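Below is one structure, written out as C-alpha cells; the observations come after it.
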C-alpha cells in the first residue's frame, strides 16, 4: 500500500459516500492521518457537514431528543436533532473507533443501513434523514484492538494507512481545487457506469479464494469498482478498476490465502461461490453480450487475486501465512 492507494481510497469515498458507507482507517493520530483527511475533505462541496463523534457523547445528543427550552416556550414537544441527523449529507469522524462499545456500534450500523435515525424518546416518535460517510479511525496497537466487527463490515473500504509510510502529504490549494472538480465530474458519471458480467464473476472468485464469504463485501466491491471506473473516466468497469476493488475491499477482509498449486500440496482448490452469491448486485447492463470464455474469466480472476495478495497488510499476511502453515502441518501429520 502506498500514497497513491491512500488517495484512491479518499477519492472513491468522496464520490460515492452513500454507496460505500465509509472507511475503516487504521493508523494512529498524526500528520499522515491528517493528510488523508485533507484529501477526503478536498473532494467535498464547501458546505458539507463534518462532525466528530466524541467518546463521551450521550444517547440524547447522538440520536436527538426533546428540546426542553423550546418545548416550554412553545407549549408543545419540540425535537432537537442529534449528531447523526446534523451530519446528514456529510462525513462523520469516529476517533478511537477500537474503543466503541457495542451499543453505539449498533446505533451507527443501523443508521448506515437505513440512512436515517429513529428518535423514539421523551414523547417523540420520528425518523430523520442521516446519510453520511463514516470514517472510523482505528488506533489500536494490537490485532485484537479493532473496530467492532458488526460496524466494520458495513464500511466498504478498509485501509492500513500506516503501511503508506510517511510519503502522504496533504493537497496544496491548487491540488485541492482540481481534486474537487474531478470528484464532482466522477459523481455525475457514476450512475451510468456499467459492469460486465465477467467482472462480477471475477470479483466473486477472488472473494472465494480469499475466504471472504460475505455477500455484503461482494456488493461493496462492486460499488468500489464502479466508483473507480468513474474516477478513471471509464464508461465501463475495466480490469484496473476491479483491481482497486480487490485491494481496498476484498484484500483487507481476507481470512485465508488461496490454496497452493496442485503440485505443491494435496489441498483441493477452493469451491466457487454459489450461483446466488451476487443476488444482491444489479444485473449486467447489457445481457446481450456473449458469455465470457472460461480462459478469459480465469485470467481476469487471477489478475484480481494477485492484486489483492499484493495489497494484504503485512500483519494480516503474516497471520494468514501462519494459519496456512499450521493447516499444512496438521494435514501432513
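In the numbering used here, the protein residues as written are 5 to 337. Beta carbons: idealized from backbone N, C-alpha and C, even for Gly. Values in this document were obtained by computation on a predicted structure and should not be read as measured data.
A Cβ-Cβ distance of about 4 Å is found for the pair residue 27 and residue 161, placing them in contact under the 8 Å criterion.
DSSP places residue 23 inside the alpha helix (DSSP H), whose first and last residues are 21 to 24. At the C-beta level, residue 116 and residue 25 come within 9 Å of one another. Residue nearest to residue 32 within the set 310, 207 and 145 is 145 (criterion: CA-CA distance). Contact annotation, residue 86 with residue 121: C-beta distance approximately 7 Å; criterion of less than 8 Å satisfied. In this structure the segment 126 to 133 does not lie against the segment 39 to 53, because fewer than three pairs of beta carbons, one per stretch, are closer than 8 Å. Taking each of 42, 95 and 63 in turn and checking the Cα distance to residue 56, the smallest one comes out for 95. Residues of the same chain with a CB within less than 8 Å of the CB of residue 244, apart from the 5 flanking positions on each side, are 232 and 236 in chain order. Looking at 80, 84 and 78, the one whose alpha-carbon comes closest to that of residue 63 is 84.
Residue 304 sits close to residue 206, with the two beta carbons spaced by under 9 Å.
Within the model, the alpha-carbon separation for residue 219 versus residue 104 is close to 25 Å. By the 16-neighbour rule on beta-carbons within 10 angstroms, residue 38 is exposed. Annotation note: the segment 9 to 56 contains the following uninterrupted beta strand (DSSP E) runs of length 3 or greater, listed N- to C-terminal: 26 to 30 and 54 to 56. Residue pairing by DSSP puts residue 140 in a beta bridge opposite 28 and 98. As the crow flies, the alpha-carbon of residue 307 is around 35 Å from that of residue 178. For the pair residue 187 and residue 53, the Cα-to-Cα distance works out to about 17 Å. When 149, 185 and 125 are compared, the shortest CA-CA separation from residue 30 is found for 149.
The segment 222 to 231 and the segment 250 to 262 touch, with three or more beta-carbon pairs separated by less than 8 Å.
Shortest Cα-Cα distance from residue 36 to any of 209, 6 and 248 involves 6. Just so you know, the alpha carbons of residue 126 and residue 110 end up roughly 21 Å apart.
Contact between residue 141 and residue 99 holds: their C-beta atoms lie close to 5 Å from each other, under 8 Å.
Residue 240 carries a strand assignment under DSSP once its states are collapsed to helix, strand and coil. Exclusion of the five residues before and after residue 170 leaves 36 as the residues of its chain whose Cβ lies within less than 7 Å of its Cβ.
The C-beta distance from residue 21 to residue 137 rounds to 3 Å, short enough to meet the 8 Å contact threshold. By the beta-carbon neighbour count (other beta carbons within 10 angstroms, threshold 16), residue 113 is buried.
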